[in-house]
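Numbering of the sequence shown is given in my numbering, commencing with residue 1 and proceeding in unit increments. All C-beta atoms in this analysis are idealised placements derived from N, C-alpha and C, irrespective of residue type, glycine included. What you are looking at is a predicted structure, and each value in this text was computed from that prediction instead of being measured. Notes to accompany the following structure.
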Amino acid sequence: MSENTIQYKLSWSEYGTLVEDLWKDLDEKLKQHSVKTDAIIAILREGVFTAMPLAYKLNTYKVIPIQFKYILYDGSNEPKQITKTPELNYTLPENPVFLLCDTFPSGGKTKTLAIEEFKKLYPGAKFIFASLMQDVSAEENKDILFSAYAADVNKDWETTHPVYAKAGVTNVLYTALPWGNIDEELAGPNMTKWDYN
1 MSENTIQYKL
11 SWSEYGTLVE
21 DLWKDLDEKL
31 KQHSVKTDAI
41 IAILREGVFT
51 AMPLAYKLNT
61 YKVIPIQFKY
71 ILYDGSNEPK
81 QITKTPELNY
91 TLPENPVFLL
101 CDTFPSGGKT
111 KTLAIEEFKK
121 LYPGAKFIFA
131 SLMQDVSAEE
141 NKDILFSAYA
151 ADVNKDWETT
161 HPVYAKAGVT
171 NVLYTALPWG
181 NIDEELAGPN
191 MTKWDYN
């Protein structure tokens, strides 16, 4: 098996363009479906970089963090829950609509785990999934009303989004986000151990 590599690291400016494109898609779909969100869920760590700009756009302070991390365990990369759902100092409706934010959902497992955790507290909750990259698995989840994204991708994670086209990169799997540590990003897909502080 060949090792994965990063061909391009997005700049903060390029990331900003993607967030604006995500916002345009989300805003249009919220209006189209006549839906209001009750709170935002940020899947940490990367999801906060999507959740916070959208929180400002939606004029809400209700941002709830939850963290999962893929960790090499017994020969495979397994998602582990790092934080529990925090206690809130505000009230949500019995059946809230959450805006679930990630940045790069490569496979959708973390999204599913986050939904499962919040459904324990809010069994009637529904979700809108927001991410920089399209996640077709969102369409298969009965708890997700719809998803919004900046860049659509095909089954091989290829995109024609102008940010990637201008950079000369077609496959989003070979890119890193501006804050990303490339060695850490490659540890998971290359099945190598990464030591955290």
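- Counted as a single uninterrupted DSSP element, the alpha helix (DSSP H) harbouring Leu121 occupies residues 109-121.
- For Lys166, no beta strand (DSSP E) encloses it; the enclosing alpha helix (DSSP H) starts and ends at 162-167.
- Beta-carbon to beta-carbon, Pro178 and Leu10 are separated by about 5 Å, close enough to satisfy the 8 Å threshold.
- Per DSSP, the continuous alpha helix (DSSP H) segment holding Pro53 begins and ends at 48-58.
- Rounded to whole angstroms, the gap between the alpha carbons of Leu132 and Phe98 is 17 Å.
- When rounded, the separation of the alpha-carbon atoms in Glu28 and Lys57 is 13 Å.
- In the DSSP assignment, Lys29 falls outside any beta strand (DSSP E) and within the unbroken alpha helix (DSSP H) covering 12-33.
- About 4 Å separates the beta carbon of Gly47 from that of Asp102, a gap short enough to meet the 8 Å contact definition.
- About 16 Å separates the CB atoms of Lys62 and Ile43; that is not less than 8 Å, and the two are not in contact.
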